[in-house]
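Counting in numbering that gives the first Met the number 0, the sequence shown runs from 0 upward without gaps.
Note that the Cβ used here is the ideal one computed from N, Cα and C, for glycine as well.
Below: the structure, in structure tokens.
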Amino acid sequence: MRAKEVIIEFLRHKGTECIFYLPGIHTLPLNEMLARKSLRAVMGRHEAHLAYMAVGYAKASGHVGIVMVTPGPGLGNVVSACMEAHGDQVPLLIVHIDTDRRDIGKGILHELPDPEGMFMRFTKKASVVERAESLIPALETAYEACLSGRPGPVVISIPHTILEKEVSFAFTENVAPVMPPPDLTGLPDALRGKQRPAIIGGGALMKEELRLPLETLCREASIPFLTTAAGKGILRENGEETFGCVMRKGVVRQILESTDVVIAIGTRLREMDARRRGVKLGDLIHIDVDQEWLGRNYPTMLGIAGHLATAVQGLSEILRKKRSAWNLRELKERQQREEAELEKTSEGLAIVRLLRSLIPGETVTVWDLNLIAYWAEYYFPVLNQRTFIEPRGSSSIFYGIPASIGARLGAPERPCLCVVGDGGALPTLAELATAGQYHIPVTFLVYNNSSYGVLDEYMRKRYGLEHRMDLVNPNFVKLAHAFDVKAVRAENIEALRHIFLHEVPWDEPFLVEFRYPVFSPPWEI
């Protein structure tokens, strides 16, 4: 079997159902195989967008996202998405169809010496296949690296000159990565005498098999469950034991101030996860998949690394022996009253709660960095795992539209809503053509405040300068129509309500332009 066919068969063997790519002269042999094999292939309009599609696909599905690119500028264009995947622990395999390294220095097409060097700081592995007979071992190693330990991006460079060569065809059996068991011997002492424990869950807990054990633990032991932004949806956020994102104030801040031990599990507790918004933690038990982040941003009384399911089981055996001193029902009722009062004066919260009330409960929501998204990060109740997707790995603004297309393909049984700002929308709207071409039903909500909104607020409040971040935008409705995508406009919140109640189809690409002024973010500037 020739190498070009082996690559496709390898991906199928791993359960890949979709690959994202932009073709070039070097990739044509693989494009031939994609045309002949039963593997869905989505051809987009820019490599950066395609890589974000693969990221969205991975986050919604839980599987490895695959993007195939050409050498030189094609590979360079996926750098930002690779940074995002690295920061957000997303398994992303970048298949780089390379030049022949023997010709580097001769001025060949797309020449780039040491392309893997671009990625060394933000990939788990970047390697090159030097001989055809090394192809399958290299693919196995790259794929395993995506998923082992803390998931992340991997680059594998495959010279186009080996694609037509014969390769022995034999794949190893698919085996799930094995995590080392955690050392839980210090847990009983660390928890002894604690009356008010609180749990902070991070993105590494986003596994369906952990939902019920965590839910049972928190309910039976009366423990409040908070999350980082990446952990939104681990448990249904309308449950009595769930109190939302750790960055919120009010009841959440009171929980953290009153607890006698915080158990942070499946999170790195990065600066942007908590500390940046003024979150203070007292006695801390920090449990994560490896040692790297334990104690880095917050002092820990106990750090534990290893298999998280085993750690959850160990916690449960200790904490379920008696109920805590928390009254979760009273805390939940107080939080609901608090939000109702805040909604009266906070446009961002009003919009977020409106969207939650109008979209199907199982909807996958994808957000770029915009003012509505910031309020959603704090206050949007997520009801299912893998249905709240945002770029908090490296915080790219050009994420929402392509990532939502990938997410819709990764979770085809769920509706998909993309909430994107005007600044992030315009550079990525070319992918409306992709959504239309492949009939990918995403509803795109473009929040058009004719500015880089949050930066406009900072300029006004910090420096007394007005309108320094203003944007001159096109007519987004007409622009969508140019792609044969249906679109409507809302000028106020009531019009937005009407559109989501009566006009959004959910089964085809659809764009809503929401023209609305800048409002304050959920934090103090």
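Closest by C-alpha distance to R391, out of G202, H62, E172, is G202. Annotated three-state conformation of V441 is coil, per DSSP. With respect to V511, L408 sits apart: the two C-beta atoms are not nearer than 7 angstroms. At a Cβ-Cβ threshold of 7 angstroms, E139 and R1 do not count as neighbours.
Judged by their CB atoms, L280 and V261 are nearer to each other than the 7 angstroms cut-off. DSSP places W366 in the strand class (E or B) of the three-state scheme. Nearest in C-alpha terms to F518, of all of P508, A372, F379, is A372.
Residue pairing for L91: DSSP places it in a beta bridge opposite G64, P152. DSSP, read as helix, strand or coil, puts S126 in strand. Classified as exposed, V177 has fewer than 16 neighbouring CB atoms from the shown chains inside 10 Å of its CB. Closest in alpha carbon position to L354, among A308, W374, L428, is W374.
With the rule of 3 Cβ pairs closer than 8 angstroms, the segment 276–292 does not count as touching the segment 319–326. The three-state secondary structure of E512, taken from DSSP, is strand. When DSSP reads this structure, P196 sits in a beta bridge with V260. Contact between I96 and L29 holds: CB atoms are separated by about 6 angstroms, below the 8 angstroms threshold. Annotated three-state conformation of K13 is coil, per DSSP.
With fewer than three CB-CB distances shorter than 8 angstroms, the segment 348–364 does not count as touching the segment 189–204. Within its own chain, the residues whose Cβ lies closer than 8 angstroms to the Cβ of N472, once the five positions on either side in sequence are excluded, are D421, L425, N447, S449, listed in chain order. In this structure, DSSP gives A429 a helical state, which the three-state scheme calls helix.
Spanning the alpha carbons of V66 and Y20 requires a straight line of approximately 6 angstroms.
Taking 7 angstroms as the cut-off, the Cβ atoms of I155 and S126 count as close. About 18 angstroms separates the Cβ atoms of P440 and Y51, ruling out a contact at the 8 angstroms cut-off. Closest in alpha carbon position to P521, among M246, L454, L314, L255, is M246. Scanning the segment 336–417 for uninterrupted beta strand (DSSP E) segments of 3 residues or longer gives 363–366, listed from N- to C-terminal end. When the beta-carbon positions are compared, A144 and K123 come within less than 7 angstroms of each other. Taking L283 as reference, the option from A263, R276, T442 with the minimal CA-CA separation is A263. Here A324 is near R195, since their CB atoms are less than 7 angstroms apart. Residue pairing of N447 in beta bridges, as defined by DSSP: R514. Given a length threshold of 3 residues, each whole run of the beta strand (DSSP E) inside the segment 260–292 is given here in chain order: 260–264, 283–287. Contact between P180 and H85 does not hold, since their C-beta atoms are separated by about 26 angstroms, which reaches or exceeds 8 angstroms. Remark: C-beta atoms of L368 and I396 approach each other more closely than 7 angstroms. Per DSSP, the continuous alpha helix (DSSP H) segment holding M458 begins and ends at 452–462.
Of all alpha-carbon atoms in L216, V68, T442, the one lying nearest the alpha-carbon of T364 is that of T442. Looking at the DSSP output, Y20 bridges to M42, M67. For W505, the CB contacts under 7 angstroms within the same chain, skipping 5 residues up- and downstream, are P414, P440, T442 in chain order.
By the Cβ neighbour-count rule, V174 is exposed, with fewer than 16 other Cβ atoms within 10 Å of its own.
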